[in-house]
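Have a look at the structure below before the remarks.
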Amino acid sequence: MAGGAPGAGAGVASCRSTFRVGDMDCPAEESLVRMALDGHAQALEFDLLARTVSVWHSLPVDDIEACIARLGMGAERLHSGPADGLPAAAATDPVAERRALRWLLAINAVMFVIEGLAGWWAESSGLLADGLDMFADAAVYGVALYAVGRSAALQLRAAHFAGWLQLVLGVGLFGQVIDHVIHGSATVASAMMGVSLLALAANLSCMFLIAGHRNGGAHMKASYIFTANDALANVGVIVAGALVAWLGQPWPDWLIGSLIGAVVVGGAVRILRLRRD
């Protein structure tokens, strides 16, 4: 479980409500839920393995549900009833957690640059899209670092800036795919596979960094789940590269690039749905 207060909500918590957020399977999406509920709740407790969040609040439960639903990740109310006190504060090491966040930000940012340059050189939409996926994670980790000690308004402004940048890059990716479809591309399959293997190794490194700052076995299992989701994109690019080499046709690269790009644009839209009430 990952607990902690997102910011003081109005009043004393009188209710505890639990929601299933179907698309919340990684710390980046947990951060979005935290930002959406900032100022609306006294405490939060996350279970990424079960994809649930428990909210201690004094506001009407419908308002809490609306804040989560606005993200577009699902908001199924599982339980709501009287609160029996706040959850025990988890033992944390803020300095160590900030250090881990910096490493996560650095790894994802470096891989964004590497995959972006390699994708441009290899004329690979798949590598460019996978790089954008890395950028999306880096943006959320960067906002999480920036948010420490700052007001909710500044947090939201930073999140929206990252969301708009992610959206612009995602739309640009689709423009590049269309250009390749119309004019063709000389996709370098070996570069697709080699760089994606490096990205896979980077995702595994992130998994171990995150797992070291989670409490209990459930979050270790959750770490494997969300890293597997990111790694699936890497494997998809590797498979697409193999198909490009085998078939001598670039369309598998266009397909995987479009699929990953759609995921990235969807993530940007979720960030832009964050707002202050």
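For what it's worth, UniProt numbering labels the leading residue of the sequence shown as 1, then goes sequentially.
Here a beta-carbon is modelled for each residue, glycine too, at the ideal position from N, C-alpha and C.
Just so you know, these numbers come straight off a predicted model, no measurement behind them.
Pull the bridge partners of Thr52 from the DSSP assignment, please. Arg20 and Asp47
Specify the secondary structure class of Pro252 as computed by DSSP and reduced to three states. Helix at Pro252.
Ser80 in three-state terms, based on DSSP: strand
Quick check on the burial criterion: 16 or more other C-beta atoms within 10 angstroms. Buried or exposed for Asp84? exposed
Is it buried or exposed, Ala202, if we count other Cβ atoms within 10 angstroms and call 16 or more buried? Ala202 should be labelled buried.
Using DSSP bridges, identify the partner residues of His57. DSSP output for His57 lists Cys15 as bridge partner(s).
Would Ile271 and Ala122 be called neighbours here (beta carbons separated by less than 8 Å)? no
Among residues of its own chain, excluding the 5 on either side of Thr52, which ones have a beta-carbon nearer than 8 Å to its beta-carbon? Thr18, Phe19, Arg20, Val21, Phe46 and Leu78
Where Ile178 and Pro60 are concerned, what is the direct C-alpha to C-alpha distance, given to the nearest angstrom? 47 Å
Candidates Ile64, Ala100 and Met24, of which the one nearest Ala13 by Cα: Ile64
Proximity of Trp254 and Ser125 at Cβ, strictly below 8 Å: The Cβ-Cβ distance between Trp254 and Ser125 falls below 8 Å.
Close beta carbons around Val263, own chain, < 6 Å, minus the five adjacent residues each side: none
Sequence-distant residues of the same chain with beta carbon closer than 6 Å to Ala257, five excluded per side: Checking the sequence shown, residue 257 turns out to be Gly, not Ala. Closer than 6 Å at Cβ, skipping near neighbours: Ser125, Gly126, Ala129 and Val177.
If you pair each beta-carbon of the stretch 96-115 with each one of the stretch 190-200, do three or more pairs fall below 8 Å? In short, these stretches touch, since the Cβ pair count reaches three.
Output the distance between the C-alpha atoms of Leu169 and Leu132, rounded to the nearest integer angstrom. Per the coordinates, the alpha-carbon of Leu169 lies some 7 Å from the alpha-carbon of Leu132.
Let me know the secondary structure DSSP gives Glu123 once reduced to three states. coil
Sub-8 Å separation of Leu145 and Leu209 beta-carbons: Not in contact: Leu145 and Leu209 (Cβ atoms no closer than 8 Å).
Distance, Cα to Cα, Ala41 vs Val110? 35 Å
When burial is assigned at 16 or more other CB atoms within 10 Å of the CB, is Gln166 buried or exposed? With at least 16 other beta carbons inside 10 angstroms of its own, Gln166 counts as buried.
Taking just the CA atoms, how far does Leu173 sit from Ser36? Position check: residue 36 holds Ala in this sequence, whereas Ser was assumed. Using only the alpha carbons, I get a separation of about 28 Å.
Is the distance from the Cβ of Ala158 to the Cβ of Gly267 below 8 Å? no
Given a cut-off of 8 Å, decide if Pro82 and Ala43 are closer than it, judged by their beta-carbon atoms. no
Given a threshold of 16 other Cβ atoms within 10 Å of its Cβ, counted over all protein chains shown, does Ile107 qualify as buried or as exposed? buried
So, helix, strand or coil for Asp133, using DSSP? helix
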